[in-house]
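Undergrad: Residue numbers (our numbering): 122 to 578.
Virtual Cβ for every residue (Gly too), placed ideally from N, Cα, C.
Every value quoted in this text rests on a predicted model; they were computed, and no experiment measured them.
Would you mind keeping the following structure in view while I ask a few things?
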Amino acid sequence: MRNILLLSILGFVFSISSLRANSHTSESSDSDIVRYLQEEYGVKFTDNNRLVLFKSGSEKFADLFSAVRQARHSIHLEYFNFRNDSISKELFTLLAKKAAEGVKVRALFDGFGNSSNNRPLKESHLDSLRARGIEIYEFDPLKFPWVNHVMHRDHRKIVVIDGEVAYTGGMNVADYYITGKPEFGEWHDIHCRVEGDVVGDLQKIFINFWNKVTGQDVKGAEYYPGERDARAHFSNLSPDDDTSSGNKLIGVVNRDPATTPRIIHDTFVHAITHAQKQILIINPYFTICRHIRKALRKAAARGVDVQIMVSAKSDIPITPRIVEYTVHKLMKSGAKIWFFEGGFHHSKIMMIDGLYSFLGSANLNSRSLSFDYECNLLVADTCTTERLNRLFMSDRDTRCFQLTPERWKEWGRWKKFKGWLFHFLTPFVLKDRDDFSPDDEEEFTDYFNLPTPNEHA
Numbered sequence: 122m123r124n125i126l127l128l129s130i131l132g133f134v135f136s137i138s139s140l141r142a143n144s145h146t147s148e149s150s151d152s153d154i155v156r157y158l159q160e161e162y163g164v165k166f167t168d169n170n171r172l173v174l175f176k177s178g179s180e181k182f183a184d185l186f187s188a189v190r191q192a193r194h195s196i197h198l199e200y201f202n203f204r205n206d207s208i209s210k211e212l213f214t215l216l217a218k219k220a221a222e223g224v225k226v227r228a229l230f231d232g233f234g235n236s237s238n239n240r241p242l243k244e245s246h247l248d249s250l251r252a253r254g255i256e257i258y259e260f261d262p263l264k265f266p267w268v269n270h271v272m273h274r275d276h277r278k279i280v281v282i283d284g285e286v287a288y289t290g291g292m293n294v295a296d297y298y299i300t301g302k303p304e305f306g307e308w309h310d311i312h313c314r315v316e317g318d319v320v321g322d323l324q325k326i327f328i329n330f331w332n333k334v335t336g337q338d339v340k341g342a343e344y345y346p347g348e349r350d351a352r353a354h355f356s357n358l359s360p361d362d363d364t365s366s367g368n369k370l371i372g373v374v375n376r377d378p379a380t381t382p383r384i385i386h387d388t389f390v391h392a393i394t395h396a397q398k399q400i401l402i403i404n405p406y407f408t409i410c411r412h413i414r415k416a417l418r419k420a421a422a423r424g425v426d427v428q429i430m431v432s433a434k435s436d437i438p439i440t441p442r443i444v445e446y447t448v449h450k451l452m453k454s455g456a457k458i459w460f461f462e463g464g465f466h467h468s469k470i471m472m473i474d475g476l477y478s479f480l481g482s483a484n485l486n487s488r489s490l491s492f493d494y495e496c497n498l499l500v501a502d503t504c505t506t507e508r509l510n511r512l513f514m515s516d517r518d519t520r521c522f523q524l525t526p527e528r529w530k531e532w533g534r535w536k537k538f539k540g541w542l543f544h545f546l547t548p549f550v551l552k553d554r555d556d557f558s559p560d561d562e563e564e565f566t567d568y569f570n571l572p573t574p575n576e577h578a
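Here it is as structure tokens:
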């Protein structure tokens, strides 16, 4: 009788434990990430939004210029840089015209982003823009000793027009988003336009930063018109023709070094850790920290389809070698690695389980995750995610090759040595102790395809 009673108690405890486990695993990954960001970081999600994706600079600038022409009250722009070339000149000419019409035009750019640009905005050009009615300010201009300005740069890309439409994503303002570059050909990137309450969240980010940089006190209801159908005031913009149009659940994941320093890093880790079926990532500077690398390895080990797309070429010369070093480790752990050869893929997107996507300005390097001001959108919408999935699959099937052990062995040892060497030299990329050491005893030997001791015998 005691044995029967004991078995009954054990069975009851086991059933309760199973129910708890099932209740955790049954939660879909999109509802899990929304709840996580709400509870841990206070991210506000709104569900009355539209979102249109732009897959090229031509698409983005055509839509943006159309919206700017129709602005009635305010145009706010925040970019890492405005390259002083034909597209920025066209934009500034249009902005000056709107300023002459009485529209408030405010623009911010990053000091390092400008200085690192081979065609920077110069003081004389800024004076000319200000004389034409454009308020434009530089965040943290570089001054001697320049090392003082290394840390927290403004890498966000945000445009808000009349508080009703907003643009954000991976593109700055430069001709090469349309024309490409001679060294690698076409420039591929993702940007988007949003409408709905999410616009107010992007507006708040811009105005808070504007006031910080300029010392002004811009505020007021005119910048937050509330729930409006932007289509009533803006025409000839690319439509959101998804079935979820006007009902997309979106949260702004804003990294501020002072207040939310870990938010983007933790979102990546949490999303990867709780993925149940599939993880698709495109990111240009894939020099991941140990936490994200560990999460990806564990995901692959539990059977999640992990696919990562990186560029064979880059606008930063040493980056491809470091990326090769990084993704080789993940390939050994079961991730599928694709090298894009159709130009340079500067897109920064992640899709989880076909349910939600994470896109914006943040790279998967320590500058974006640990230092810079960044802005991403968490889009819990299957229609948007499906569009990005199709983009991934199309590029994968037509413009990529897969990294395999056989392909890896074909690469020369000098090329591999540069990857191993450069990953130590890259500033602010690998900070943790285990990032500077092999992950296991055979890593060095395997990386360079050196014979093992048994092979000498």
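Rounded to whole angstroms, what is the Cα-Cα separation between T335 and T167?
TA: 30 Å
Undergrad: Quick check: what's the CA-CA separation for Y494 versus I409?
TA: 18 Å
Undergrad: In terms of alpha-carbon separation, which member of D361, A379, I384 lies closest to G372?
TA: Per the Cα distances, I384.
Undergrad: As a quick exercise: from F175, V315, I393, pick the residue whose alpha carbon is nearest that of G424.
TA: Distances from the alpha-carbon of G424 to those of F175, V315, I393 put I393 closest.
Undergrad: Excluding sequence positions up to five away, which residues of its chain have a Cβ less than 6 Å from the Cβ of D556?
TA: Since pLDDT at D556 reaches only 35, below the 50 mark, its modelled position is unreliable, and the value read off the structure follows with that caveat. Contacts found: R411.
Undergrad: From which residue to which residue does the alpha helix (DSSP H) around M272 run?
TA: Element bounds for M272: n/a, residue is neither H nor E.
Undergrad: Between the C-alpha atoms of K210 and H194, what's the straight-line distance to the nearest angstrom?
TA: 22 Å
Undergrad: So is T579 buried or exposed if we call it buried at 16+ other beta carbons inside 10 Å?
TA: No answer is possible for residue 579: the residues shown for the chain start at 122 and end at 578.
Undergrad: F407: buried (16+ other C-beta within 10 angstroms of its C-beta) or exposed?
TA: Residue environment for F407: buried (at least 16 other C-beta atoms within 10 angstroms of its C-beta).
Undergrad: In this structure, how does DSSP classify W267 when only helix, strand and coil are distinguished?
TA: helix
Undergrad: For T167, name the three-state secondary structure that DSSP assigns.
TA: strand
Undergrad: Taking a contact to mean a Cβ-Cβ separation below 8 Å, would you say D322 touches A192 in this structure?
TA: no
Undergrad: Just list the beta strand (DSSP E) runs in the stretch 189-216, keeping only unbroken ones of 3 residues or longer that don't cross its boundaries, in chain order.
TA: 195-200
Undergrad: By Cβ distance, which residues of its chain are closer than 6 Å to R253, with the 5 residues on each side in sequence left out?
TA: A217
Undergrad: Kindly indicate which residue of A220, D310, T506 has the alpha-carbon position closest to the one of T364.
TA: T506
Undergrad: Hey, could you find the ends of the beta strand (DSSP E) Q523 is sitting in?
TA: 521-524
Undergrad: S149: which of S491, T300, G475 sits nearest, CA to CA?
TA: G475
Undergrad: Three-state secondary structure (DSSP) at D518?
TA: helix
Undergrad: State the DSSP-derived secondary structure class of I130, mapped to helix, strand or coil.
TA: Bear in mind that a pLDDT of 41 at I130, under 50, signals an unreliable position, so the number given afterwards is only what the model happens to contain. Three-state result, I130: helix.
Undergrad: Pick helix, strand or coil for N143, following the three-state DSSP scheme.
TA: For N143, the pLDDT reaches just 39, beneath the cut-off of 50, and the residue's location in the model is therefore unreliable, although a value from the coordinates is still provided. Note: N143 maps to helix in three-state DSSP.
Undergrad: V579 to G163, Cα distance in whole Å?
TA: Absent from the structure is residue 579, since the part of the chain shown begins at 122 and ends at 578.
Undergrad: Look up M452 in the DSSP assignment and say whether it is helix, strand or coil.
TA: In the structure shown, M452 sits in a helix (DSSP, three-state: H, G or I).
Undergrad: Where does Q399 fall in DSSP's three states?
TA: strand
Undergrad: Quick check: the Cα distance between G481 and V271, rounded to an integer number of angstroms?
TA: Approximately 22 Å, taken between the alpha carbons.
Undergrad: Would you grab the beta carbon distance between F201 and D275 for me? Rounded to a whole angstrom, and I think it's under 8 Å.
TA: Contact flag correct, Cβ pair sits at about 7 Å.
Undergrad: Between S435 and the rest of its own chain, which residues show a CB-CB distance below 8 Å, the 5 nearest in sequence each way excluded?
TA: F305, P405, Y406, P441, V444, F465
Undergrad: If you run the structure through DSSP and keep just helix, strand and coil, what is C504?
TA: helix
Undergrad: Report yes or no: do the stretch 507-517 and the stretch 180-189 share at least 3 C-beta pairs separated by less than 8 Å?
TA: no
Undergrad: Nearest to Q159 by alpha carbon, out of I413, R227, V374, S179?
TA: Cα-wise, what sits closest to Q159 is V374.
Undergrad: Mind checking which residues open and close the beta strand (DSSP E) that includes G290?
TA: 286-290
Undergrad: Helix, strand or coil: which one does DSSP assign to Y345?
TA: coil
Undergrad: Per DSSP, what kind of secondary structure is G178 in: helix, strand or coil?
TA: Helix.
Undergrad: Buried or exposed: which applies to V268, given that a residue is buried once 16 or more other Cβ atoms fall within 10 Å of its Cβ?
TA: exposed
Undergrad: Taking the alpha carbon of N293 as the point to measure from, which residue in L174, V173, F230 has its own alpha carbon closest?
TA: F230
Undergrad: Distance, Cα to Cα, L358 vs S236?
TA: 33 Å
Undergrad: To which residues of the same chain is G234 closer than 6 Å at the C-beta, ignoring the five residues directly before and after it?
TA: Within the same chain, Cβ atoms closer than 6 Å to the Cβ of G234 are found at F201, N202, the five residues on either side in sequence being excluded.
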